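Residue numbers (our numbering), protein chains in the order written: chain A, 1 to 334; chain B, 335 to 668; chain C, 669 to 1002; chain D, 1003 to 1336.
Here a beta-carbon is modelled for each residue, glycine too, at the ideal position from N, C-alpha and C.
The structure displayed is predicted, hence computed values, not measured ones.
Written as structure tokens, this is what we have:
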């Protein structure tokens, strides 16, 4: 099957190329990049042995049966929409189709939604939650990196109504590639290195996405306090989640619930009691690892790690593509 | 005034030497080190221009009017005790005199306390809370690095009874020097670098210290869920604290309370609304910087940064010494 | 084909497991580890999904037709020798069979050689130089990481007698994984991080290995000044080599010679004029990338990068195995 | 004495402010910054407690008896020239007055020199070489960071005519702050981190500066092959220099010569045989540390470390100011 990638030279786009080169069922038909049009991908990323030349985007020219759109929010809606209108399957990396409500989208992203009509059609691409819907989807909204780590961390407890839906604390730590490839002062090496800081403390755009999805899982309004932190590593997210149990639970109880909930999942691993995950255990892979502790002061602590560029972006996109196209879900991801 | 340092070649001891070399009122009389006896400090730490030769410890030989004991817990109680018995002022870096109750100490540190008789005499060395008592103390228990960041972050709210004393979440991130100078697998460069992990999730020894001190400030039992994380930087602690307000508060309300609470403090800085501290802003200094946000879902978020080796250890020890000896509190620390 | 790994839990051993899991022609029969006997490899390295339990070494029990020995020098000679005596093919990671002369070995490694009889049988496992001999070898001495980068950098010029065989300068920079997994003070995170240093300046054990192999290529005695440096990254070696041309050469002349010399090599890439390699371009891969400049002051500068754990160790070992067993040379390495 | 800094918000300017705050003889009168005019320096660099507000540059308004100009090359000549014309002493951080010959300057910097008339007046600000001339200078060209490390490394051998003036190899490794504060792709954290690379291999602008000064010291034309490398640390330069002795020399011979040459220098330290410097030993200080080895293959290896922002920029500027103003040379630098 032929696929194309729109916006192939950002970190997520390039990671997608790297992974797709090893996928036995697909072939890359076209890569687009505005910044590096005319260059081979391997000239932009010498670590990736891909000699396809990037083109300027001409959306009408794209004919592949499935397209990945890795564009900034706001730029994606129209382009992905055009493809969907023409019957092309789309996995969209932007936030444009993640938020179900156009008004909430406008509030957080500061722009009107340009294809509100497609929102009912878009499926939130977290296979562990929406596998069946993804199989039949034409338009999949690939989740944000933070929400992926947080939803996987909290879904079993919320689904089973074992924690209070309010007062949940999510303290996330992310590597710098999460900020994208555009150089800024805060990601300039001498600024980011040997430093730890929280950012967007008063409101990060992944918050409404988390709350929307967690609320759907819980069947009631979930409220999260979310603080992301920038950590001087290239890759990896570690989210430490704190919730209040609604009844007496032991660590073992909670581990049993998680093991059951994720028992058929190829990419989610629950650690034994007393063990907690390190980001380096999942780097370059589509794995998610979760460790749990119930404290004496009666909080459930759930710690979840993913690679922000793989399970938090491009690996998950391929997992979604595999489902949409009837391939084995793990193809190209092991 | 002459001072001696017992255990001068660990990271905290060496940082203390570095700082004392610039202190106008004191002179180092003796350094001890079991691992590097016979060597000049500058041979062990070429970055520090100090040619004093380290000796094996012979506690009876130490005559300085004030001694810093930078030994592991369990090893300090007897030695510091011997000095105190002889009328020598002691600033002790270990945990041995931080926990007021010998039974709690035994529970967390796994050994009986060897100088329980001195516990009533020991003053917890956090000047922002115990300044007057420190001035008259003979034995000061220098606080742990994590508790320093957490107590400074939460004291104003607890003192003013503005947050629930239960359900507080403290998510701390620390540089690797906090683990000491002894090489281990988890601090081996290729293991710690490019990695983020939580550790001692089921119980870190700084927890009872935090809860004890926060409870005294609050005047009631305070319960904290504390998860420390290891971050690949050399220095710095960032503690993100989450608490539930007991009444409606805005960010500005809380900032006013903090500004008032710390208005005379030379080393505590409260940031304006919307600003949050970076660890690099306080590295190599005795400063503590605090940023605050009250979220829509009604949590107060307090973010506090210190240098774990300065305000979290050696700088604070000098601050304590200055108080105990009648020097200006900031001497040698600006 | 079944293979076993003796010493599977060091960095090179674990990297070998990681790579072999993707090799379509081989299956791992046995892993040995003294430090982690009884544990699954995935318990020691959670990033590697391998549930084989490590055993204590009992060399007589090993029956695989090919064995990788990843042991420290001195420990390998007898064990690899036992296997070879029994007709088992061996790729040895240690230095024990790299130095052709037992006396030189003793001089640099400080111990007598324990299987001097096997030295004539051992083939130096650099496929770009010894491909045909490796195909027929029973015992392959897998090259050191520094020598791999240096021999590939200098072979075309020496083979063509275009540079002086004396006065060559090799300035190498290596990531910390090159020092192995055993924690030491110099590889302790707070010591190695934010630091650059040269080490073993008065004599590194890879020097006689380099000089031996370069001399064979040149057909005359080659003398190298070699200074290795420790750089705070996990992986990667960059060797900057400086030589004096014997006749007037331009950068283009030299690039032509390298392109010709390596034209059939699957893992060596020569960069165009004005381009120089970054270590990140080869990390996690068996690639070697080389950039060249002839300076105004008439030095040839050759810059070569490899991943020390792949082309500098485990990837090269697989390349050797592929040759020894008649598999396509690149199998499992693309 | 009052001083002003033009271009105070680059890394060198800010480091200069940090150091001057502790200098007992001077007071900062004015800071200028085009990017941050109207802001306090402490808003741009919260780590530096300096509440002076930066102004747009109006050179006529500057009246301080000594001014530091920390501007990019090309921008400095006219401004520094204006100050010098008005009798103000200037320490200029740019390259504009380092190259004695306007033609060579134009060749390397690509622009005509705008104050060629001042070149004879400018003194190269390396106190270890030009102390007496600096004392009487009005215009001091503060040396580049690489040249400082290289000239200090090679001066004793060249001055004593003990090495060949041609064929010298200088392999330098620098932290990323050397590239300045302007974000670029190559200094973007995920690009620079976990990477090692050589850059400007075909010609770095510090080469003519080195060769000019080394030639003056040697009294004959010195030719250097210089390759700088980017290392993922914030600060520090390590230059490894390789030269060919003109007569038989031992390591001890060379160390004696260096010890004698630098015996009165407050900031240059020669290490004993077998010891080599680490960059971390000199970070945040004006120190320079040098280790030496004469190899079997008869090269002299000289390894020199400095902090690129202190001895390689702002510390050296203060050292120059101290000399120009009759203060003790080490004032504010210990």
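(request) Please state if the CB of residue 1069/D and the CB of residue 1043/D are separated by a distance shorter than 8 Å. (result) Taking 8 Å as the cut-off, the beta carbon of residue 1043/D is found no closer than this to the beta carbon of residue 1069/D.
(message) Can you tell me whether residue 115/A is buried or exposed? The criterion is at least 16 other CB atoms within 10 Å of its CB, across all chains shown.
(response) Of the residues assessed, residue 115/A falls on the buried side of the cut-off, its CB having 16 or more other CB atoms within 10 angstroms.
(request) Put residue 599/B into one of helix, strand or coil per three-state DSSP. (result) Looking at residue 599/B - three-state DSSP - the assignment turns out to be coil, as it is neither helix nor strand.
(request) Compare the C-beta of residue 285/A against all C-beta atoms of chain B and say whether one is closer than 8 Å. (result) False, the Cβ-Cβ gap to chain B never drops below 8 Å.
(message) Taking beta-carbon pairs under 8 Å, can you tell me which members of the segment 266 to 281 of chain A lie near chain B?
(response) Cβ contacts with chain B: 274, 276, 277, 278, 279 and 280.
(message) Please classify residue 476/B as buried or exposed, where buried requires at least 16 other C-beta atoms within 10 Å of its C-beta.
(response) With 16 or more other Cβ atoms within 10 Å, it is buried.
(message) Looking at chain C, is there any beta carbon in it that lies within less than 8 Å of the beta carbon of residue 24/A?
(response) So, not an interface residue.
(request) Evaluate residue 1243/D with the Cβ neighbour count: other Cβ atoms within 10 Å of its Cβ, from every protein chain shown; 16 or more gives buried, anything less gives exposed. (result) Buried.
(request) With 7 Å as the limit, tell me which residues of the segment 701 to 724 of chain C have their beta carbon closer than that to any beta carbon of chain A; keep them in chain order. (result) So the list reads 714 and 715, given in the order they occur along the chain.
(request) Taking the CB atoms as reference points, tell me whether residue 1050/D and residue 1155/D lie closer together than 8 Å. (result) Result no, Cβ atoms of residue 1050/D and residue 1155/D do not sit closer than 8 Å.
(request) Pull up the distance between the alpha-carbon of residue 1162/D and that of residue 1256/D, whole angstroms please. (result) In a straight line, the C-alpha of residue 1162/D is about 11 Å away from that of residue 1256/D.
(message) For residue 857/C and residue 510/B, which I take to be in contact (beta-carbon distance under 8 Å), what is that distance rounded to the nearest angstrom?
(response) At roughly 4 Å, the Cβ-Cβ gap stays under 8 Å, so residue 857/C and residue 510/B are in contact.
(request) Decide if the segment 1283 to 1294 of chain D is in contact with the segment 875 to 883 of chain C; the criterion is three or more beta carbon pairs, one per stretch, under 8 Å apart. (result) In short, these stretches do not touch, since the Cβ pair count stays below three.
(message) Suppose contacts are defined by Cβ-Cβ distances below 8 Å. Is residue 1170/D in contact with residue 1224/D by that definition?
(response) At the C-beta level, residue 1170/D and residue 1224/D come within 8 Å of one another.
(request) Check the Cβ of residue 1246/D against every Cβ in chain B and list those closer than 8 Å, keeping chain order. (result) Within 8 Å of the CB of residue 1246/D, no CB atom of chain B is found; the nearest one sits about 30 Å away.
(message) Using a 10 Å radius around the Cβ and a threshold of 16 neighbouring Cβ atoms, would you call residue 789/C buried or exposed?
(response) It counts as exposed.
(request) Indicate whether residue 366/B and residue 384/B have their beta-carbon atoms separated by less than 8 Å. (result) Going by C-beta atoms, residue 366/B is not nearer than 8 Å to residue 384/B.
(message) Can you tell me which residues form a DSSP beta bridge with residue 1291/D?
(response) Note: residue 1291/D sits in a beta bridge opposite 1271/D and 1307/D.
(message) Buried or exposed, going by whether 16 or more other CB atoms sit within 10 Å of the CB of residue 107/A?
(response) With fewer than 16 other Cβ atoms within 10 Å, it is exposed.
(request) Mind the definition here: the segment 1009 to 1029 of chain D touches the segment 1313 to 1332 of chain D only if three or more C-beta pairs lie below 8 Å; say whether that holds. (result) The segment 1009 to 1029 of chain D and the segment 1313 to 1332 of chain D touch, with no fewer than 3 CB-CB distances between them shorter than 8 Å.
(message) My parser needs the beta strand (DSSP E) runs of 3 or more residues fully inside the segment 1154 to 1204 of chain D; what are they?
(response) Within the segment 1154 to 1204 of chain D, the complete beta strand (DSSP E) runs of at least 3 residues are 1170 to 1176.
(message) Please list, in chain order, the chain D residues whose beta carbon lies closer than 8 Å to that of residue 978/C.
(response) Going along chain D, no residue has its Cβ under 8 Å from residue 978/C, so there is no contact; the nearest lies around 15 Å.
(message) Could you compute how far the alpha carbon of residue 600/B sits from the alpha carbon of residue 483/B?
(response) Going by the C-alpha atoms only, they are around 16 Å apart.
(request) Could you please give the first and the last residue of the uninterrupted beta strand (DSSP E) stretch that includes residue 85/A? (result) Residue 85/A -> not in any beta strand (DSSP E); alpha helix (DSSP H) instead, spanning 76 to 85.
(message) Can you tell me where the beta strand (DSSP E) holding residue 30/A begins and where it ends?
(response) In this chain, the beta strand (DSSP E) harbouring residue 30/A covers 27 to 32.
(request) Determine which residues share a DSSP beta bridge with residue 1280/D and list them. (result) When beta bridges are read from the DSSP output, residue 1280/D appears opposite 865/C.
(request) Leaving aside the five residues before and after residue 1199/D along the sequence, list all residues of the same chain whose C-beta is less than 7 Å from its C-beta, in chain order. (result) Cβ neighbours of residue 1199/D within its own chain (closer than 7 Å, five residues either side excluded): 1231 and 1232.
(request) Using a Cβ cut-off of 8 Å (strictly closer), state whether residue 188/A contacts chain D. (result) At least one beta carbon of chain D lies nearer than 8 Å to the beta carbon of residue 188/A.
(request) Identify, in the order they occur along the chain, each residue of the same chain with its Cβ nearer than 6 Å to the Cβ of residue 269/A, setting aside the five sequence neighbours on each side. (result) Counting only residues of its own chain and dropping the five nearest sequence neighbours on each side, residue 269/A has a CB closer than 6 Å to the CB of 289.
(request) Excluding the 5 residues preceding and the 5 following residue 814/C in the sequence, name in chain order all residues of the same chain whose CB lies nearer than 6 Å to its CB. (result) Cβ neighbours of residue 814/C beyond the five flanking positions: 840 and 874.
(request) Mind reading off the beta-carbon distance from residue 1294/D to residue 1302/D? Whole number of angstroms is fine, and I expect it under 8 Å. (result) Their Cβ separation, rounded to whole angstroms, is 7 Å, which keeps residue 1294/D and residue 1302/D in contact under 8 Å.
(request) For residue 1091/D, name the three-state secondary structure that DSSP assigns. (result) Of the three classes helix, strand and coil, the one that applies to residue 1091/D here is strand, per DSSP.
(request) Would you verify that the beta carbon of residue 515/B is, or is not, closer than 8 Å to some beta carbon of chain C? (result) Proximity of residue 515/B to chain C, defined by a Cβ-Cβ separation below 8 Å, is satisfied.
(request) Determine whether the Cβ of residue 1230/D lies closer than 8 Å to any Cβ atom of chain A. (result) No, residue 1230/D does not count as interfacial toward chain A.
(request) Determine the direct distance from the alpha carbon of residue 769/C to that of residue 278/A, and round the result to whole angstroms. (result) Across the structure, residue 278/A and residue 769/C are spaced so that their CA atoms are roughly 45 Å apart.
(message) Can you tell me which residues form a DSSP beta bridge with residue 909/C?
(response) Beta-bridge partners assigned by DSSP to residue 909/C: 838/C and 970/C.
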